[in-house]
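Visitor: Submitted below is the structure of interest, expressed as structure tokens.
4 protein chains.
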Amino acid sequence: MGVDTESAEQLNWRDFDNDSLPPLLSAAVQTFVTHGYHGTTTRTLAASAGMSVPGLYHHFASKQAIIVAIMDYAMDDLWRRSIAAQAEAGPDFEQQLALHIECLALFHAYRKELAFLAATELRSLEPEARSRHIAARDRQERMLVEVLRAGVDQRVFRTTDPHQVARALITMCTGISQWFDAAGPLSASAIAKDYVDYARRIVRT
Amino acid sequence: MGVDTESAEQLNWRDFDNDSLPPLLSAAVQTFVTHGYHGTTTRTLAASAGMSVPGLYHHFASKQAIIVAIMDYAMDDLWRRSIAAQAEAGPDFEQQLALHIECLALFHAYRKELAFLAATELRSLEPEARSRHIAARDRQERMLVEVLRAGVDQRVFRTTDPHQVARALITMCTGISQWFDAAGPLSASAIAKDYVDYARRIVRT
Amino acid sequence: MGVDTESAEQLNWRDFDNDSLPPLLSAAVQTFVTHGYHGTTTRTLAASAGMSVPGLYHHFASKQAIIVAIMDYAMDDLWRRSIAAQAEAGPDFEQQLALHIECLALFHAYRKELAFLAATELRSLEPEARSRHIAARDRQERMLVEVLRAGVDQRVFRTTDPHQVARALITMCTGISQWFDAAGPLSASAIAKDYVDYARRIVRT
Amino acid sequence: MGVDTESAEQLNWRDFDNDSLPPLLSAAVQTFVTHGYHGTTTRTLAASAGMSVPGLYHHFASKQAIIVAIMDYAMDDLWRRSIAAQAEAGPDFEQQLALHIECLALFHAYRKELAFLAATELRSLEPEARSRHIAARDRQERMLVEVLRAGVDQRVFRTTDPHQVARALITMCTGISQWFDAAGPLSASAIAKDYVDYARRIVRT
DNA sequence: TATGAATGAGCGTTCATTCAT
DNA sequence: TATGAATGAACGCTCATTCAT
Numbered sequence: 261m262g263v264d265t266e267s268a269e270q271l272n273w274r275d276f277d278n279d280s281l282p283p284l285l286s287a288a289v290q291t292f293v294t295h296g297y298h299g300t301t302t303r304t305l306a307a308s309a310g311m312s313v314p315g316l317y318h319h320f321a322s323k324q325a326i327i328v329a330i331m332d333y334a335m336d337d338l339w340r341r342s343i344a345a346q347a348e349a350g351p352d353f354e355q356q357l358a359l360h361i362e363c364l365a366l367f368h369a370y371r372k373e374l375a376f377l378a379a380t381e382l383r384s385l386e387p388e389a390r391s392r393h394i395a396a397r398d399r400q401e402r403m404l405v406e407v408l409r410a411g412v413d414q415r416v417f418r419t420t421d422p423h424q425v426a427r428a429l430i431t432m433c434t435g436i437s438q439w440f441d442a443a444g445p446l447s448a449s450a451i452a453k454d455y456v457d458y459a460r461r462i463v464r465t
Numbered sequence: 261m262g263v264d265t266e267s268a269e270q271l272n273w274r275d276f277d278n279d280s281l282p283p284l285l286s287a288a289v290q291t292f293v294t295h296g297y298h299g300t301t302t303r304t305l306a307a308s309a310g311m312s313v314p315g316l317y318h319h320f321a322s323k324q325a326i327i328v329a330i331m332d333y334a335m336d337d338l339w340r341r342s343i344a345a346q347a348e349a350g351p352d353f354e355q356q357l358a359l360h361i362e363c364l365a366l367f368h369a370y371r372k373e374l375a376f377l378a379a380t381e382l383r384s385l386e387p388e389a390r391s392r393h394i395a396a397r398d399r400q401e402r403m404l405v406e407v408l409r410a411g412v413d414q415r416v417f418r419t420t421d422p423h424q425v426a427r428a429l430i431t432m433c434t435g436i437s438q439w440f441d442a443a444g445p446l447s448a449s450a451i452a453k454d455y456v457d458y459a460r461r462i463v464r465t
Numbered sequence: 261m262g263v264d265t266e267s268a269e270q271l272n273w274r275d276f277d278n279d280s281l282p283p284l285l286s287a288a289v290q291t292f293v294t295h296g297y298h299g300t301t302t303r304t305l306a307a308s309a310g311m312s313v314p315g316l317y318h319h320f321a322s323k324q325a326i327i328v329a330i331m332d333y334a335m336d337d338l339w340r341r342s343i344a345a346q347a348e349a350g351p352d353f354e355q356q357l358a359l360h361i362e363c364l365a366l367f368h369a370y371r372k373e374l375a376f377l378a379a380t381e382l383r384s385l386e387p388e389a390r391s392r393h394i395a396a397r398d399r400q401e402r403m404l405v406e407v408l409r410a411g412v413d414q415r416v417f418r419t420t421d422p423h424q425v426a427r428a429l430i431t432m433c434t435g436i437s438q439w440f441d442a443a444g445p446l447s448a449s450a451i452a453k454d455y456v457d458y459a460r461r462i463v464r465t
Numbered sequence: 261m262g263v264d265t266e267s268a269e270q271l272n273w274r275d276f277d278n279d280s281l282p283p284l285l286s287a288a289v290q291t292f293v294t295h296g297y298h299g300t301t302t303r304t305l306a307a308s309a310g311m312s313v314p315g316l317y318h319h320f321a322s323k324q325a326i327i328v329a330i331m332d333y334a335m336d337d338l339w340r341r342s343i344a345a346q347a348e349a350g351p352d353f354e355q356q357l358a359l360h361i362e363c364l365a366l367f368h369a370y371r372k373e374l375a376f377l378a379a380t381e382l383r384s385l386e387p388e389a390r391s392r393h394i395a396a397r398d399r400q401e402r403m404l405v406e407v408l409r410a411g412v413d414q415r416v417f418r419t420t421d422p423h424q425v426a427r428a429l430i431t432m433c434t435g436i437s438q439w440f441d442a443a444g445p446l447s448a449s450a451i452a453k454d455y456v457d458y459a460r461r462i463v464r465t
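Written out as structure tokens, the structure is:
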């Protein structure tokens, strides 16, 4: 994916000020969110990026390549933030859970469109990218499952099925991208704090 | 929506044995889930329903009319079950919350495709149906918010923002439709029981 | 064409009170005039005749058969009237011309829709009916040419090219069907009188 | 219609050597004449223009836009020639009538297909273009009516109803487009001369 | 790079027609 | 006879993509 992961630990995972997506992809994200992949035409894509259709094809080989770049970027961004959050959390499982959920919540609030696509357009990916996406999603889920399982082993958490709880927590956070409004009364960090609380309660011993 | 709600209380809201969707719509649900609305062609739709394309148009005026019928059915089915669940719960707010979450979880497990479309294809609806869908979704959400708010007022529940909790619970349940496997190790009712537990813990005083 | 021509001489060629077209064909004439043959669907045809589509096919083998019946009827009706007019005119060429033009004018006024189709939808006929229509049209034209030619031979008329004059007169009358209004200030017979005058002037010695 | 009328007087209205219709529209004229608007498919149109269907849509927004361009062109071309003819005629009403009829006759001979469509496909135009076409047609008719009326006032012409005579003359000329054959024995200018004679005779005092 | 012009394939929809009832 | 249901073929139009300039 051409992303250097070596510097992941230095990454400030709470910082969403700058979006490193190229303008073309940023515009494409909006369009795909609004109309879906199949409902979006290359003309719309080109127009939203302020260029001609052949101009589009100068940067990307196909419409599929554009959604793939977006999906890859989304999964990679979330993964790098999650790694950084876990690194910051240190060995305490409660803290690991807290920062993991905070990371998920912030991502789905600040990057709501990107996150929405990641959750929605899996079916629009062609086989290769789809496999990659599924792998990334599973790796992401496994990361949380491991935190929960370890916490349960240490009697810090209590739950019958860490896997199921992980999925519940993840989809709960995923939902944020559907209704979060940056201009609304709730800040992303306030929401994240609440969701961390929900998570703690769910696994409280 | 032309549905008689007077018999809602007699409805057995835990019974998902029979799907009253006409075969054509059942087939369409599968196809729309797999390829999305815009990724589905009328030829695919016709083939999946075992008929010709004009045959399709004999029953429905347009491709849009098909997704509209599905979306309306989904929201109406969930609503009627929710009403029945609340009626069964009686005046106890804890019981109301429990049955409401159970109802949501069961619906998203047993009717996972239908529920998935309801959550995914809002953007594919034309204005009129879209407004109707949003209204139905909001009504559904409001119902849960009211249970939470009333419970908080009675000191049965504790939460800073019933509205936010409702959305967290709803999207948590919505997520079930993404991974539930009827052939898997977890039964729908077992999952529902767990999710009721999660909900209780989140609002525990 | 299954029309008995033996009684042609008894026909009152100035009488347009009763249209012997079956109701279905009368309705079809209106529809074809409004939308053209190819712009008219069998559903429209059926609706305008107050019957179902298969009901239409009970009476006529195809959409083509309907226009053919109309076109045949139109050409036959005009022909029979023309024959009757000529019979009434007797041996005088001036009178023959007068009654022939009167007949043409009346037909294109009183049967304006029918006449309009006859002039317009030739191209929509399939080969066999088309040939028949062209033959009928030519026969009709030849009839007028013969009157003119004979009149020229007898020094009653003067023109360099009877054929061309015939076409000019015919299309002049054909035009009536485009603007005649039964509710307008000009009666069909007044118009016919004027057109006879035009014709006389054109061939005046 | 985006046509500069200021140079109308310089226009040589008898010159039909060059058709300024773009090739695509020229091909479309032939096809529409043969099959009618509704009987012509976009595939036929594309094939007759030697291009693909999307190629067609690169130049015109729709099939309707093509017939509209043709119809507008036809009415505009005839109008500009008529203006030029009248300018050439000067103040003499007999001369005005003569040149007007010559212009009409030449147009319907040299541009027979275009003229045929203008007379035939009014009903295929959508409301806006239809209104424009009717206005152009009426303006054209009014021009001739005015010549006749003025001539009658000056006792140069004699007729009871200039309006009716105008229509008779116009439709007579319109008819030329139905049978004129450039390869036939009669030249367009010879025909025009004859038709001018017919017109003169009809209004002779 | 950017663009105007082009295209094979396929879109949602409708056509004339048929047939069991 | 009349109808509801059906269909192969074709409709007008648009898709993602390409290429000469």
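Chains as they are written, first to last, in our numbering: chain A, 261 to 465; chain B, 261 to 465; chain C, 261 to 465; chain D, 261 to 465.
No residue lacks a Cβ here, since even glycine has one placed at the ideal position from N, Cα and C.
1. Compare the C-beta of G350 (chain C) against all C-beta atoms of chain D and say whether one is closer than 7 Å.
2. For the putative contact between L404 (chain C) and A375 (chain C), defined by C-beta atoms under 8 Å, what is the C-beta separation to the nearest angstrom?
3. Output, in sequence order along the chain, the residues in the segment 276-292 of chain C whose CB is closer than 9 Å to any CB in chain D.
4. H423 (chain C) CB to nearest chain D CB: under 7 Å?
5. With a threshold of 8 Å, are at least 3 pairs of Cβ atoms found where one atom belongs to the segment 326-334 of chain A and the other to the segment 388-402 of chain A?
6. Please name the residues in the segment 307-323 of chain D whose beta-carbon is closer than 8 Å to at least one beta-carbon of chain C, in chain order.
7. Answer with yes or no whether the minimum CB distance from R415 (chain C) to chain D is below 7 Å.
8. My assumption, with CB atoms under 8 Å, is that S384 (chain C) sits in contact with I327 (chain C). Please give the rounded CB distance.
9. Taking 7 Å as the cut-off, decide whether the C-beta atoms of A428 (chain D) and Y297 (chain C) are in contact.
10. Could you tell me whether the Cβ atoms of A345 (chain D) and H360 (chain D) are closer together than 7 Å?
11. Could you tell me whether the Cβ atoms of R461 (chain C) and R461 (chain D) are closer together than 7 Å?
12. Interface residues of chain C around Y458 (chain D) at Cβ under 7 Å?
13. Counting pairs of Cβ atoms below 8 Å between the segment 277-289 of chain B and the segment 288-296 of chain A, do you hit three or more?
14. Measuring only the C-alpha atoms, how far is T300 (chain B) from G310 (chain B)?
15. At what residue ranges does the segment 261-346 of chain C contain a whole run of the alpha helix (DSSP H), taking only runs of 4 or more?
16. Return the first residue and the last residue of the alpha helix (DSSP H) that A443 (chain D) is part of.
17. Hey, E401 (chain C) and I430 (chain C) are a contact pair by Cβ (cut 8 Å); roughly how many whole angstroms apart?
18. Would you mind working out which of D:F276, D:P387, D:T419, D:A396 sits nearest T465 (chain D), comparing C-alpha positions?
19. By the three-class DSSP mapping on this structure, what secondary structure does P387 (chain A) have?
20. Could you name the residues of the same chain whose beta carbon sits closer than 7 Å to that of V313 (chain D), not counting the 5 residues immediately before and after it, in chain order?
21. Do you know offhand how far W339 (chain A)'s Cα is from L316 (chain B)'s?
22. Which whole-angstrom value describes the C-beta separation of V416 (chain A) and E354 (chain A), a residue pair presumed to lie in contact below a C-beta threshold of 8 Å?
23. Taking only the alpha-carbon atoms, compute the straight-line gap between N272 (chain C) and S308 (chain C) and give it to the nearest angstrom.
24. Establish whether the CB of H298 (chain C) and some CB of chain D are separated by less than 7 Å.
25. May I ask you to list, following chain order, the residues of the segment 371-399 of chain A that have a beta carbon less than 9 Å from some beta carbon of chain B?
26. Decide if H318 (chain C) is buried, meaning its Cβ has at least 16 other Cβ atoms within 10 Å, or exposed.
27. For my contact list, V456 (chain B) and E362 (chain B) are in at a C-beta cut-off of 8 Å; report their separation, rounded to the angstrom.
28. Which first and last residues belong to the alpha helix (DSSP H) in which L382 (chain A) is found?
29. Could you tell me whether the Cβ atoms of L382 (chain B) and A448 (chain B) are closer together than 7 Å?
30. Please identify the residue among B:S280, B:Q270, B:G435, B:P282 whose C-alpha is closest to the C-alpha of K372 (chain B).
31. When you compare each of A:Q414, A:A369, A:S280, A:D277 to A442 (chain A) by their alpha carbons, which one comes out closest?
32. Ends of the alpha helix (DSSP H) at Q356 (chain A)?
33. Do L364 (chain A) and C433 (chain A) count as a contact pair if the criterion is CB distance below 7 Å?
34. Quick check: is the beta carbon of M331 (chain D) nearer than 7 Å to any beta carbon in chain C?
35. Check G411 (chain B) in the structure and name its three-state DSSP category.
Guide: According to the structure shown:
1. no
2. No, L404 (chain C) and A375 (chain C) are not in contact; Cβ-Cβ is about 16 Å, not under 8 Å.
3. none
4. no
5. yes
6. none
7. no
8. Rounded to whole angstroms, the Cβ separation of S384 (chain C) and I327 (chain C) is 6 Å, and the two are in contact under 8 Å.
9. no
10. yes
11. yes
12. Chain-order list of chain C residues neighbouring Y458 (chain D): A428, I462, by C-beta distance under 7 Å.
13. The way I'd put it, the segment 277-289 of chain B doesn't touch the segment 288-296 of chain A; fewer than three beta-carbon pairs between them come closer than 8 Å.
14. 15 Å
15. 283-295, 302-308, 313-319
16. Unbroken run through A443 (chain D): none, as it is neither H nor E.
17. 6 Å
18. D:T419
19. helix
20. T302, R303, A306
21. 45 Å
22. 6 Å
23. 30 Å
24. yes
25. A379, T380, E381, R383, S384
26. exposed
27. About 5 Å separates the two Cβ atoms, so the contact holds.
28. Unbroken run through L382 (chain A): none, as it is neither H nor E.
29. no
30. B:G435
31. Nearest option by C-alpha distance: A:A369.
32. 353-370
33. yes
34. no
35. helix
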